[in-house]
Amino acid sequence: MPLNRRHFLFLSVAFAAGCATPGGGSSSTGVHEKIVNAGPASQYLADGVYSRYRDLGFFIVRRGANLFAISAICTHRHCKIDAEKDRTFYCPCHGSTFDSDGHVTQGPARRDLPVYEISTDEKGDLLVKITA
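No gaps in the numbering here: position 16 of the sequence shown is 22 in the working numbering, and each next residue is one more.
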């Protein structure tokens with residue numbers, strides 16, 4: 007059966023409706039979220055960079071009263087970065103460096119490291135919401 011104009015328009019509208027995101031009308035961005043339980047928040051009381059979850063894609067950072075999770079993946083070519091002793095970050099693949107807040111200090115990376123949302127559950131465990 008040949009595709010006529012009416013069928014073409016119907017299929018086009020159906021396809022576009024299937025691609026829309028709920029409540030937004032824009033196309034899907036492909037963003038995936040996962041929650042990682044990083045254990046009791048009480049194990050992150052001392053200032054420093056905790057690299058236990060580097061292979062899962064993030065570091066836990068404590069600086070004074072601030073506790074946050076920052077990406078362990080370079081924004082240039084998606085290599086795993088290293089935490090330095092001075093609490094900055096270095097990408098061994100192409101040499102990008104980031105300050106202790108994840109801001110680019112030397113390229114080739116141009117975008118800062120993402121900071122992930124954290125929360126604690128009813129048991130006091132630290133939950134990190136990773137978006138990719």
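The beta-carbon is built from N, C-alpha and C at its ideal position, and this holds for glycine as well.
- Residue state for Ala44 is assigned as strand, using DSSP reduced to three classes.
- DSSP places Ser77 in the uninterrupted beta strand (DSSP E) bounded by 72-77.
- Around the beta carbon of Thr137, a 10 Å sphere encloses fewer than 16 other beta carbons of the protein chains shown; the residue is thus reported as exposed.
- Ala115 sits close to Ser102, with the two beta carbons spaced by under 8 Å.
- Annotation for His82: Cys97, His100, Ser102, Pro114, Ala115 place their beta carbon closer than 7 Å to its own, counting only its chain and skipping 5 residues before and after.
- Assigned with DSSP and collapsed to three states, Leu132 falls in strand.
- Around the beta-carbon of Ser77, 16 or more other beta-carbon atoms lie within 10 Å, marking it buried.
- No residue range can be given for Thr81, since it is assigned to no beta strand (DSSP E) and is classified by DSSP as neither H nor E.
- Taking the Cα of Asp92 as reference, the smallest distance to any Cα among Cys80, His84, Asp105, Tyr50 is reached at Asp105.
- With a cutoff of 8 Å on beta-carbon distance, Leu133 and Ile41 are scored as near each other.
- Burial check for Ala75: the Cβ neighbour count within 10 Å reaches 16 or more, so the residue is buried.
- Scanning Asn43, Arg68, Cys80 for the CA closest to the CA of Gln112 turns up Cys80.
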